[in-house]
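Keeping their order, the protein sequence lines are chains A and B.
Here UniProt numbering is used: the first residue of the first sequence is 1, the next is one more, and so on.
Here UniProt numbering is used: the first residue of the second sequence is 1, the next is one more, and so on.
Ideal placement from N, C-alpha and C gives every residue a C-beta, glycine not left out.
Predicted, not measured: the structure shown is a model, and the values here were computed from it.
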Amino acid sequence: MMGGIDRRTIGRWALTGTAALTLFYILMPLISVTWLSFYAQEIPSFPPQGYSLRWYASIVGNERFVSGLLLSVQLGVSATAIGLAVGVPAALCLSRFRFPGREALNNLLLLPLMVPGVVLGTALYVFHVEAEIATGGEFQILGSTVGLLSGHVLVVIPWVVRLVLASLAGFDRTLEEAAHNLGADRWTTFRRITLPGILPGVVAGAMFGFVASFGNLEMSLFLVGPGRTTLPIAILQYLEWKIDPSIAAVSVVQIVLIGAAMLMTDRFVKISRVV
Amino acid sequence: MARLVLNQLSKRYGDFFAARDVTLDVADGEFLVLLGPSGCGKTTTLRMIAGFVEPTSGTVRLGDTDVTRLPAWKRNTGLVFQNYALFPHLTVAQNVAFGLEMRKVAKPEADKRVAEALELVRLGHLGERLPRQLSGGQQQRVALARALVFRPDVLLLDEPLSNLDAKLRQEVRVEIRKLQQSLNLTTVMVTHDQEEALTMADRLVVMSEGAVRQVGTQRDLYERPADRFVAGFVGRSSFLQGALEAPQRFRTAGGIAVACNADLAPGAATMALRPERVIVGPSELTEVDNGFPGEVEFVSYLGGLIDLHIRLSPQDLVIAQIPNREDGFMPEVGDKVHVGWTTASAAVFAGAGSAADSDELQPD
Ligand SMILES: Nc1ncnc2c1ncn2[C@@H]1O[C@H](COP(=O)(O)OP(=O)(O)OP(=O)(O)O)[C@@H](O)[C@H]1O
Ligand SMILES: [Mg+2]
Numbered sequence: 001m002m003g004g005i006d007r008r009t010i011g012r013w014a015l016t017g018t019a020a021l022t023l024f025y026i027l028m029p030l031i032s033v034t035w036l037s038f039y040a041q042e043i044p045s046f047p048p049q050g051y052s053l054r055w056y057a058s059i060v061g062n063e064r065f066v067s068g069l070l071l072s073v074q075l076g077v078s079a080t081a082i083g084l085a086v087g088v089p090a091a092l093c094l095s096r097f098r099f100p101g102r103e104a105l106n107n108l109l110l111l112p113l114m115v116p117g118v119v120l121g122t123a124l125y126v127f128h129v130e131a132e133i134a135t136g137g138e139f140q141i142l143g144s145t146v147g148l149l150s151g152h153v154l155v156v157i158p159w160v161v162r163l164v165l166a167s168l169a170g171f172d173r174t175l176e177e178a179a180h181n182l183g184a185d186r187w188t189t190f191r192r193i194t195l196p197g198i199l200p201g202v203v204a205g206a207m208f209g210f211v212a213s214f215g216n217l218e219m220s221l222f223l224v225g226p227g228r229t230t231l232p233i234a235i236l237q238y239l240e241w242k243i244d245p246s247i248a249a250v251s252v253v254q255i256v257l258i259g260a261a262m263l264m265t266d267r268f269v270k271i272s273r274v275v
Numbered sequence: 001m002a003r004l005v006l007n008q009l010s011k012r013y014g015d016f017f018a019a020r021d022v023t024l025d026v027a028d029g030e031f032l033v034l035l036g037p038s039g040c041g042k043t044t045t046l047r048m049i050a051g052f053v054e055p056t057s058g059t060v061r062l063g064d065t066d067v068t069r070l071p072a073w074k075r076n077t078g079l080v081f082q083n084y085a086l087f088p089h090l091t092v093a094q095n096v097a098f099g100l101e102m103r104k105v106a107k108p109e110a111d112k113r114v115a116e117a118l119e120l121v122r123l124g125h126l127g128e129r130l131p132r133q134l135s136g137g138q139q140q141r142v143a144l145a146r147a148l149v150f151r152p153d154v155l156l157l158d159e160p161l162s163n164l165d166a167k168l169r170q171e172v173r174v175e176i177r178k179l180q181q182s183l184n185l186t187t188v189m190v191t192h193d194q195e196e197a198l199t200m201a202d203r204l205v206v207m208s209e210g211a212v213r214q215v216g217t218q219r220d221l222y223e224r225p226a227d228r229f230v231a232g233f234v235g236r237s238s239f240l241q242g243a244l245e246a247p248q249r250f251r252t253a254g255g256i257a258v259a260c261n262a263d264l265a266p267g268a269a270t271m272a273l274r275p276e277r278v279i280v281g282p283s284e285l286t287e288v289d290n291g292f293p294g295e296v297e298f299v300s301y302l303g304g305l306i307d308l309h310i311r312l313s314p315q316d317l318v319i320a321q322i323p324n325r326e327d328g329f330m331p332e333v334g335d336k337v338h339v340g341w342t343t344a345s346a347a348v349f350a351g352a353g354s355a356a357d358s359d360e361l362q363p364d
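Listed below in structure tokens is the structure:
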């Protein structure tokens, strides 16, 4: 009897302990990078010799970081918009219609999620080169904004498709019939009934798609043109020259941006429910 | 409201007919109930009227128009779904207003009609709630208001009460019927609950395996079933297999000669008996044309009524339902009794029953 209670208590402690350890493991880098970004000295060493905001000031003054951030946000927003325009109808077709090659298309749309970024980047790079040759070099694709954007769209689509599909699975289709019965044609029904019903999936898909695009490094490395770098690339390039807390400050800015987006999404949908 | 006419309406899936040559004429303001066992094509028929299932052949006329090829949103039908299908992100009032909005009814007029419709179903005070904040019965009434508010040509109900508890079902049943009568709504309802069908309908349609077996009033179906299936499905019947030897004489499989009144050619036949028309007594019965000795095989005590299975011969079993009176006679299993019935209360149908029909001999 006593032994039973003891074992249960031990079990509970073990569980709590493991959870705490995991949380610590996840949070540690975030905490330390945030701490580091406030260090006063240039060479990171412990203990810090004081705190300052100079690294935040320095990134605002760093033209490459600012333009990188700008490009990354522009890319992320445009890629997400296009990804939604393609991904939502694609998910609808996949869930509504039975057609030959449906399974193949389903897998194809999820592929960019599984292919390593380097492979994706190389493939797109080669494709762009080929395309330029095929068009007689008349259009500059390689290193163009269009080329970069099309790559990022590819990163966004699987997230949108996957999360919208998950939402559609839980969507009651008799609601659409009810709308038809009340006089709503297909488009009105989609706009007024279906879309609000799958909004959690759409919002979450957009959110994750944006984050995936915003943080993408490997694929972008192959696609950026001279003088135009995304934020992750700008960070990488900076790191090649020196290590100082301004990198930490940039990371904190990124974390805050993504965290804010997450919180905003969470107001629409409990993220833990759709992923 | 309008008259609804279905003409030879069929729906085929592969070579399976979900509905076969359904022909019905629903008068303006009439309440028609489709009744039948599970899978007999009731929902399919209703959905063809609403425009969700495209008929393989046949036509649907609503008022003066042939709507067979019109999409659902261009037909003016009001459908109440079994699960109500209320829009979860819209308030009760917005749900009810949806049909008016689609018809581009001006806002002040729409608001007025929504309020009226909600008042009609006694939910005037709940317009601002979301559907999930309502009880099942309230949701059902919202669905009804939503289907009525735009004055559909025909109201369609697919088992509208099946998600309500027994007590509520009885109340709502009466409510719907009153509403239907006061608004003079042409209505088609699907159910497989007989009591529901009997209490609500002006006329009933009995379906089986996709086909209409009989159309008529409650009385028509009960007193003059068109065939064996209807006799077994509407109310209860017990069946005696055998053959018609002459228009007035039926011989059971067990060799018992029964006087009857059939206008059929002699040959294999089935006799259907309503249990409450079968008289049971301790001694020989004099007041009926047919009296036979038998042995009680099974007794089922139903409170006010008692069901008896009485075996007349190794092949012949009849079910009798007798009132439970204080002074009454109360047979037990194994008792020797006498049973009888008048010729008028037995119906005879041509053909022998199939094996599946023997299920109907069991009490339900
Ligand atoms: N889309 C479909 N494809 C193939 N068969 C179908 C389809 N829809 C319905 N059926 C078949 O048609 C028959 C009639 O179905 P229906 O839904 O009309 O029955 P019902 O009378 O409403 O039954 P219930 O009382 O169980 O609701 C059933 O046997 C069903 O399996
Ligand atoms: Mg049905």
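DSSP places E245 of chain B in the strand class (E or B) of the three-state scheme. In terms of side-chain proximity, the C-beta atom of K11 of chain B is found no nearer than 7 Å to any non-hydrogen atom of ligand 2. Rounded to whole angstroms, L302 of chain B and T59 of chain B show a C-alpha spacing of 47 Å. If you draw a 10 Å sphere on the C-beta of H152 of chain A, you find 16 or more other C-beta atoms in it, and that means buried. Annotation: H89 of chain B to I322 of chain B spans about 54 Å, alpha carbon to alpha carbon. The beta-carbon separation of A117 of chain B and V96 of chain B, rounded to 6 Å, stays under the 8 Å limit for a contact.
Along the length of the stretch 70-96 of chain B, whole beta strand (DSSP E) runs at least 3 residues long occupy 77-80, reported in chain order. Around the CB of K336 of chain B, fewer than 16 other CB atoms lie within 10 Å, so the residue is classed as exposed. With the criterion set as a beta carbon lying under 9 Å from some beta carbon of chain A, the members of the stretch 72-85 of chain B are A72, W73, K74, R75, N76, T77, G78, L79, F81, Q82, N83, Y84, A85, in sequence order. Residues of chain A whose Cβ lies closer than 9 Å to the Cβ of G14 of chain B do not exist, since the nearest Cβ in that chain is about 15 Å away.
Against I198 of chain A, chain B offers no close residue; the least beta-carbon distance is about 11 Å (beta-carbon pairs closer than 8 Å).
Using a C-beta cut-off of 8 Å, the stretch 8-19 of chain B makes no contact with the stretch 66-80 of chain A, since fewer than three inter-stretch Cβ pairs fall below that distance. Counting only runs of at least 3 residues, the stretch 110-167 of chain B fully encloses the following beta strand (DSSP E) elements, listed from N- to C-terminal order: 154-158. Unbroken alpha helix (DSSP H) runs of no fewer than 4 residues, entirely contained in the stretch 210-266 of chain A, are found at 218-223, 231-241, following chain order. Proximity to R146 of chain B across B:Q170, B:R173, B:D111, B:N163 peaks at B:D111, based on C-alpha coordinates.
Judged by beta-carbon spacing, I198 of chain A lies beyond the 8 Å limit of V252 of chain A, meaning their Cβ atoms are not closer than that value.
As the crow flies, the alpha-carbon of L70 of chain B is around 12 Å from that of G183 of chain A. Beta-bridge pairing by DSSP links Q321 of chain B to B:D307. Near chain A, meaning a CB-to-CB distance below 7 Å, the residues of the stretch 51-74 of chain B are F52, A72, W73. At a cut-off of 8 Å between beta-carbon atoms, G127 of chain B makes no contact with chain A.
Close to A184 of chain A, with beta-carbon spacing below 7 Å, are these residues of chain B in chain order: W73, M102.
Contact check for F298 of chain B against E177 of chain A fails: the beta carbons are separated by 8 Å or more. At least one beta carbon of chain A lies nearer than 8 Å to the beta carbon of F98 of chain B.
Secondary structure in the stretch 94-146 of chain A: the alpha helix (DSSP H) runs of 4 residues or longer, each lying completely within the stretch, are 102-114, 117-134 in chain order. Uninterrupted beta strand (DSSP E) stretches at least 3 residues long and entirely within the stretch 216-287 of chain B occur at 238-246, 249-252, 257-259, 267-273, 279-281, given in chain order. Counting along the chain, no alpha helix (DSSP H) covers K104 of chain B, and no H or E run does either.
V188 of chain B carries a strand assignment under DSSP once its states are collapsed to helix, strand and coil. If you look at R12 of chain B, you'll find it in the beta strand (DSSP E) that goes 4-13. Chain-ordered listing is empty here: chain A has no CB closer than 7 Å to the CB of H192 of chain B, the nearest sitting near 19 Å.
Under the three-state reduction of DSSP, D316 of chain B is assigned to strand. At least one CB of chain A lies nearer than 8 Å to the CB of H89 of chain B. Along the stretch 149-180 of chain A, the positions whose C-beta sits under 8 Å from a C-beta of chain B are D172, T174, L175, E177, A178, A179, H180, read in chain order. Leaving aside the five residues that flank R61 of chain B on each side, the residues in its chain whose CB is nearer than 6 Å to its CB run, in chain order, V5. With a cut-off of 7 Å, the C-beta of C40 of chain B is classified as near ligand 1, since at least one heavy atom of the ligand falls inside that distance. For Y39 of chain A, there is no enclosing beta strand (DSSP E), as DSSP marks it with neither H nor E. Contact annotation: in the stretch 188-216 of chain A, residues whose CB is within less than 9 Å of a CB in chain B are T188, T189, R192, I193, P196, G197, L199.
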